[in-house]
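Take -19 as the starting number for the sequence shown in this note's numbering and just add one per residue. Where a beta carbon is used, it is the ideal one built from N, C-alpha and C, also for glycine. Reading through the structure tokens given below for one structure.
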Amino acid sequence: MSLKKNTTTAETLVNTLLKLGVDSIFGYPGASVLSIYNELAGEKKIKHYLVRHEQAAVHAAEGYARVSGKTGVVLVTSGPGFTNIITGIANAYADSTPLVILAGQVADTNNIGKVFQKVDIKSIASSCSKKVFILEEKDNIEDVLERAFFEANSGVKGPVVVGLPRNLLEAEYKAQRQSFSPEKAYNVNYTEDISYLKQLINAAQKPLVLVGGGCINASSEIERFVAKLQCPVVSSLMGIGIYPSENNLYMGMIGLNGIDAANSALNRCDLLIALGVSLSDRSTCKNNNFTKDFKVVNINIEKSNKSVDLEIIADVKEFLNIFLANTEKIVTKSKKWLMEIDALKDNYFKYPDNSATLHSSYVLETLSEFTKYYEPIVITDVGQHQMLTAQFFNFNKPRKFITSGGLGTMGFGLPASIGAHIANPKNLILNITGDGSFQMNLQELATCREHHIPIKIIIMNNSYLGMVRELQEKIYNKRYQVEMINPDFTKIAEAYDLFAIRVTKKDELIPALERAISHDGTAIVDIVIDSFENI
-19 MSLKKNTTTA ETLVNTLLKL GVDSIFGYPG ASVLSIYNEL AGEKKIKHYL
31 VRHEQAAVHA AEGYARVSGK TGVVLVTSGP GFTNIITGIA NAYADSTPLV
81 ILAGQVADTN NIGKVFQKVD IKSIASSCSK KVFILEEKDN IEDVLERAFF
131 EANSGVKGPV VVGLPRNLLE AEYKAQRQSF SPEKAYNVNY TEDISYLKQL
181 INAAQKPLVL VGGGCINASS EIERFVAKLQ CPVVSSLMGI GIYPSENNLY
231 MGMIGLNGID AANSALNRCD LLIALGVSLS DRSTCKNNNF TKDFKVVNIN
281 IEKSNKSVDL EIIADVKEFL NIFLANTEKI VTKSKKWLME IDALKDNYFK
331 YPDNSATLHS SYVLETLSEF TKYYEPIVIT DVGQHQMLTA QFFNFNKPRK
381 FITSGGLGTM GFGLPASIGA HIANPKNLIL NITGDGSFQM NLQELATCRE
431 HHIPIKIIIM NNSYLGMVRE LQEKIYNKRY QVEMINPDFT KIAEAYDLFA
481 IRVTKKDELI PALERAISHD GTAIVDIVID SFENI
């Protein structure tokens, strides 16, 4: 007669992840977390994706979370395994992406002095995550994980770190649990807010709606709200796609690298209704007094750091539903305003690209038109290509444009594209990147090859860090330090046994895109563009 082995904390951890609906984990193993990996090896309902660098694990989990709407899960070991993910955690924190990071730790002993691969997880992660839990002997792993997932998805969403000492993971599971009850949401009476908002709207001659990333689940409510007001709409970078780009009321992205027509609309409005927007320095063109010439209503789950006329702390979806249910008629004087808006759009100047040289604006406009039938999910890195993608692509649904907004992290795109594919394997995934950004995490081509991930990587190759070069040209008298001697990206693809093609002329672009998109697997299109094009 064989005795049943005792259940370990690591086994209970994996079973709890199953109960919480986890189907994908992005990670990199090490000694401190091998007990978890041992349990995952026999679990068919959770797929582990081995990345080639821990930072990429977090970005992949971000792509997965932002496309699926679920919580991304990361598993790394102690010491450098944990410290390598800090950039990813900070990125997810800046963009309010719900993640749970399971971070191994060396055995929980009272050793004095230095211990191999031990770092202070809580001190390091506290400044760039929503919460940090460190598992202690008195804790129950089921309780800790339930609280971590709740925290990641409540209020302003974000990354939560769970530190897991090796000896506690390998110890026998103690079933004593504490009752965990999420805080009950209180019913808020919005009667006064709705009344004042109606007054502001009815008094306005030039109302404008600004959509941000905090509206990701409120796209239908925003469309109904705008249809009632019949006013123009602009968005932040993170708000792109929440309101359909092809709707004639949409003006484009505002901010430092925004559309001229959208920024002009912002400057001319007399009432700004900001929905799920942080009003960051990038969106406001670093102008702290940008609201002085118009009234501002801020509807967001957290308080604005700007002076506003009406602050409504609420989930945008929830509030708009209540507002629309209690508002039969809005009296707006918007016909003249809409004519002014149409004139702004008509006057939006686009430089005619008649040269033989490939420019990123031409490439992205062509790519947008060529792929619109597929309604692709587009993941960008950070740089000129990021801002031009925001300008030239039409996104008509949420979760179609994924980018690093708050932190601006180069190297985000490739691993985030992997996560995006895993979240939505039937959709065409485009990773639009620069030669600089691509080289930050190009080792993840191995992950693509191993798991046969058919993303299409579009490299805008100008042999410069283009955004930095543009600033050095405009502000620092062309004192460049960002020239790049790049490798042959097609040969790198060949080393990973992946398809790649290089484009140097306009007439090569469409045939190359056709071959890449029809290819059954990862494909790289290396496009040599003008080195000195500015946004």
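Here the alpha carbon of F512 sits roughly 28 Å from the alpha carbon of K352. Between A132 and K102 a beta carbon distance of about 17 Å is seen, past the 8 Å cut, so the two are scored as non-contacting. Counting the other Cβ atoms within 10 Å of the Cβ of L422 gives 16 or more, which makes it buried. Contact between the stretch 46 to 58 and the stretch 2 to 11 is present: three or more C-beta pairs spanning the two stretches fall below 8 Å. For E463, the secondary structure class from DSSP, reduced to helix, strand or coil, is strand. Counting along the chain, the unbroken alpha helix (DSSP H) around S175 starts and ends at 171 to 183. DSSP, read as helix, strand or coil, puts M218 in helix.
In terms of CA proximity to N64, Q97 leads the group K(-1), Q97, T77. DSSP places D506 inside the beta strand (DSSP E), whose first and last residues are 503 to 508. Relative to the Cα of G416, the nearest Cα in the group P467, M233, D295, T484 belongs to P467. Rounded to whole angstroms, the separation of the alpha carbons of T360 and T369 is 8 Å.
Per DSSP, the beta bridge partners of R482 are D506. Annotation for I515: N237, Q364, M367 place their beta carbon closer than 6 Å to its own, counting only its chain and skipping 5 residues before and after. One thing to note: A245 has its Cβ within 8 Å of the Cβ of M231. When the alpha-carbon of D487 is set against those of L387, T337, T(-12), the nearest one is in T337.
Looking at the DSSP output, N374 sits in no beta bridge, so it has no partner there. Per DSSP, T360 is not a residue of any alpha helix (DSSP H); the beta strand (DSSP E) it occupies stretches across 357 to 360. Counting every other CB atom within 10 Å of its CB across the protein chains shown gives T(-12) a total of 16 or more, marking it as buried. Contact annotation, Q158 with D123: C-beta distance approximately 5 Å; criterion of less than 8 Å satisfied. Residue burial annotation: L445 is buried, with at least 16 other C-beta atoms found within 10 angstroms of its C-beta. When only Cα atoms are considered, E474 and L290 end up about 57 Å apart. L251 carries a strand assignment under DSSP once its states are collapsed to helix, strand and coil.
DSSP, read as helix, strand or coil, puts E23 in coil. For A128, the three-state secondary structure derived from DSSP is helix. Counting only runs of 4+ residues, the alpha helix (DSSP H) found wholly inside the stretch 37 to 117 occupies 60 to 63, 66 to 74, 101 to 105, in chain order. By the 16-neighbour rule on beta-carbons within 10 angstroms, N(-14) is exposed. In this structure G399 is in contact with G43, their Cβ atoms being roughly 3 Å apart against a cut-off of 8 Å.
Taking a C-beta distance under 8 Å as the contact criterion, G219 and C195 qualify as a contact pair. Take the alpha-carbon of P434 and the one of T502: they are about 4 Å apart. For M319, the enclosing alpha helix (DSSP H) has its first and last residue at 315 to 326. In the structure shown, Y8 falls within a strand segment according to DSSP collapsed to helix, strand and coil.
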